[in-house]
Each structure stands twice: as structure tokens, then as C-alpha cells.
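In this text, residue positions in the sequence shown follow my numbering: the first is 708, and each later residue adds one. Each residue gets a CB set at the ideal place from its N, CA and C atoms; glycine is no exception. Some notes on the structure that comes next.
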Amino acid sequence: MKNGWQKLQLSECLQFISRGKAPKYVPTSSVAALNQKAIRWDYIETQYLKYHDPDVKIREDIFIRKGDIVVNSTGDITIGRAYYFKKEWPKLFVDSHVTILRLRKDILLPEFLIYLFPLPEYQKQIYSLVTGATGQLELSKSNLSKLEVIVPPIPTQRKIALILFAYDDLIENNTRRIKILEEMAQTIYREWFVEFRALGVELRKATPEEKKLTGKDVFPKGWDVKSVVDAVFVCPKTTVPKDGLKPFVPMASLTDNSMLINDIQFKEGNGGSKFKNGDTLFARITPCLENGKTGFVQFLKSDSEVAFGSTEFMVLRSRTLTPEYVYLMARSNEFRDNAIKSMSGATGRQRVQEDCFQKFFIAQPDNNTLQQFSDLIQPIFRMIYSLSTKNNNLRRTRNLLLPKLISGEIELTLETT
């Protein structure tokens, strides 16, 4: 170990450690509870925050403060995942499945410690401190306190954090831009094809059938009403060769609120769903569907390349629309609610029935409107993919640097930072 570097138990570096408290849930409130589902390595998934009754008192010391680290502490999948709060987050406290850490900053900086948690050797050590059986795993605060951490001198910790933060800031900015672009695309879709405010559209009085199917008193001239199955291929037949490694997309690769498909694997075989660029992957099983797992395929190197994935995807491919229209429609609450209503099967394993799409009707625009929409939306989708690719490259570079910085293999000078 380098001169001046130490290995300490986390307990020697702690000012405060505590589990949170179970909230009293209410539909909306000024006070929110942070749960495990909301904690990601790089960000907080705000859609999963739960609201707490402000009339029920919560200890002040478990409300988030600037510099806090939170650690998922129960369950199988995300136990040991951590997040560092660089900024204040008013009226947010941690629930009983999350541990909150406050450090003695004269010994260990939180902006340095957070980078240790995802390293394989630290995740392995964390799992050695976990107790309980599968489905009921527990990382107690006393066991977490036993975590052995590398502690360089404070100036070195600060330099390492500055280098890694530079990557994280770029990733955060790109992620913010992706979110804005997705929201922009959704807004344009709704304005054009739900509210009928497309460029150059002329409205007429809706026929009784059109009014019944769309709920609108007016309807665009030259447009038609179609069921989804007449406008979209649902689970189309696609041939994927059995031999050789091919891209494989597990359910975990889809996100709840974005088109992006991450952590693509390569496997032999061809079982499961099959798809190509321009297809939409729509989760058909509970709770993935309710959570919003929907992805847009644009990661394949060419439009002739094919891939396969989870059996629990429904593949949606444009028949008379555009690929972007199909994805944005699949992301809409109306489309998802229709699918959810059709679910059947054993509790906890319910699946969407394909015939539900025969009962969901959409506006089929004229070709000119579709082309205008495509010209407007395609660059947005391409930009989202480009930003995502940049983020993946930034993470890859950061993750290559991380163990070398933490081990002291890279010599840090003032010029380095």
C-alpha cells in the first residue's frame, strides 16, 4: 500500500449511520420517502419516490443532507447499491430498507467513498456481510460498518473525486438532455395524433363512429381510424439464426421511462422474441408492464441485422405508420392501460393478451403528415441514441480509470487534476 494510505473499517470513518423509517403513504405531499427502487448508481429515479403524511413526525436525522451516502440494505437484486447526494434535497427522508451514512470528513470524503461501492471487490465484500436467505437478504448497519475501505490522504481523495466527477458531470448533462428530448418527442406525438394539431391539418366534424372511437368531436380530413393490429405488426415473424453469437436483450436492459436499451448481451441460440432496428419492445408481464418497460431498437449495426431477447417482450413493428410513431404510442398511458386491462394468468405472472390490440384504435394520418412527422422526430431519436452512446463510452473510460486511481497505480499530481 502506498505511503500514507490506510485500510480502515467504515465504522472508524463514520459520524452517523442509521436505517430510515417506514413512511405513512399518502397520494401526494410535500414530504417524500426515498426507497430502494428509486436509488440508481448515477441518479435518483424520482418517479419511484413515495409521499409521506406530513402530520406523522419523522426524525430529523434521517432526512437527506448534502454529502449523505445512501445504501440499499434489503432484498436480492439491488442490495449494496449506493448513491451520493452532491446537493441538498429538501423534505426527503430514507425509508426502512435504506441505510444513510454521514462520514467524518477529516478521515474519509463521501465524494471519494461513493466510487468504491461499485468496484467488484467491494461488492463482493458487501455480499459477504449480508445475512438471510434468498428473497430476505439483509445488510444490517452493524455489518455495513465492518466494510474495509481504502483511505488515501484527504488531498489524494479530493483529487481522485475531482477526476471522476468530471466524467459524472458529463454523463449527468447528457442524461438530462436525453430526458428533455424524450419529453419533446412525446409532446409532439400527443399534439399531432391525439389532439389533432399536426402541421397543416384541416379538421372536420367527426362521424359518430370516429367520435366513439377517439372521443373527439372533430377529426382530420384525409385521415382514418384503425385498430392497432391494422397499423402495426404485433410479434411479427423474424428469422434469427441459431448458430453464432448474436445481440440478446434481457428484460433488465429496458428502462421504465426511456427508449434506451442498455447492457446488451451476446448469446448463441434464437429462443425468445426476435427483432430488428425500428422495432419497439413492449413488456408483456407484470410488474414490468405497469412500471413502463418499453424500448426502441436502434443499436444494431444495420437494418438487415437481427437480434433476440426475453420471451416476455411483445415486438411491435410499423405496418402503416412510422417506427417512431409506434414507440411513442406504446409509451402512452392509454395504450399501456388498454394492455393492462387484458392481462390474465396466475397472480404475479399475468401477461398481456395479444387480442387487446384489436380493441385499441388510433388515428391513421395521411402519408404527407407521416413524412413530416418522421422528418421532425427521427433526428430526435438519433440524437438520443448518440448521447446514450457517449454516456456508455464515458462510463467505460471512467470505470477503467477507477481501479487504477483507487489503487494508486496512477500517480496524481496537481497537473493531473
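Residue state for Gln-832 is assigned as helix, using DSSP reduced to three classes. Pairwise C-beta distances place the stretch 1099 to 1115 in contact with the stretch 814 to 829, as three or more of them are shorter than 8 Å. In this structure, the CA atom of Lys-974 is about 18 Å from the CA atom of Ser-1011. At least 8 Å separates the beta-carbon of Leu-988 from that of Val-1059.
Between Phe-1067 and Asn-1045, the CB-CB gap stays under 8 Å. Straight-line measurement puts the Cα of Val-801 at about 19 Å from the Cα of Asp-783. Ranking Leu-1023, Pro-927, Gly-842, Tyr-896 by CA distance to the CA of Phe-940 puts Leu-1023 first. In the DSSP assignment, Asn-1099 falls outside any beta strand (DSSP E) and lies within the alpha helix (DSSP H) extending over 1074 to 1114. Across the set Ile-724, Asp-749, Glu-1019, the C-alpha of Asp-749 shows the shortest separation from the C-alpha of Leu-871. Under a 10 Å Cβ-count criterion, Ser-965 is classified as buried, with 16 or more other Cβ atoms of the shown protein chains found around its own Cβ.
If you check the CB distance, Pro-859 and Trp-712 come in under 8 Å. Glu-1031 sits close to Phe-1088, with the two beta carbons spaced by under 8 Å.
Between Gln-1065 and Leu-906, the C-beta gap is not smaller than 8 Å, which leaves the two residues out of contact. Close CB contacts of Trp-899 within its chain, under the 7 Å cut and outside five residues either way in sequence, are with Ala-905, Phe-1080 (chain order).
DSSP places Thr-946 in the coil class of the three-state scheme, outside both helix and strand. Pairing Asp-768 with Ile-887, the inter-Cα distance amounts to about 34 Å. Around the beta carbon of Val-763, fewer than 16 other beta carbons lie within 10 angstroms, which makes this residue exposed. Judged by DSSP secondary structure, Gln-893 falls within the alpha helix (DSSP H) whose first and last residues are 861 to 900. Val-1033 carries a helical assignment under DSSP once its states are collapsed to helix, strand and coil. Distance from the CA atom of Gly-999 to the CA atom of Gln-864, rounded to whole angstroms, is 39 Å. DSSP links Gln-716 through a beta bridge to Glu-855.
With distances taken between CA atoms, Lys-714 lies nearest to Val-856 out of Asn-1100, Val-856, Lys-831, Ile-971. Between Asp-876 and Ser-852, the alpha-carbon positions lie close to 29 Å from each other. When the alpha-carbon of Gly-787 is set against those of Leu-836, Ser-718, Trp-796, the nearest one is in Leu-836. Comparing alpha carbon positions, the residue from Phe-1042, Leu-952, Asn-1099 closest to Val-936 is Phe-1042.
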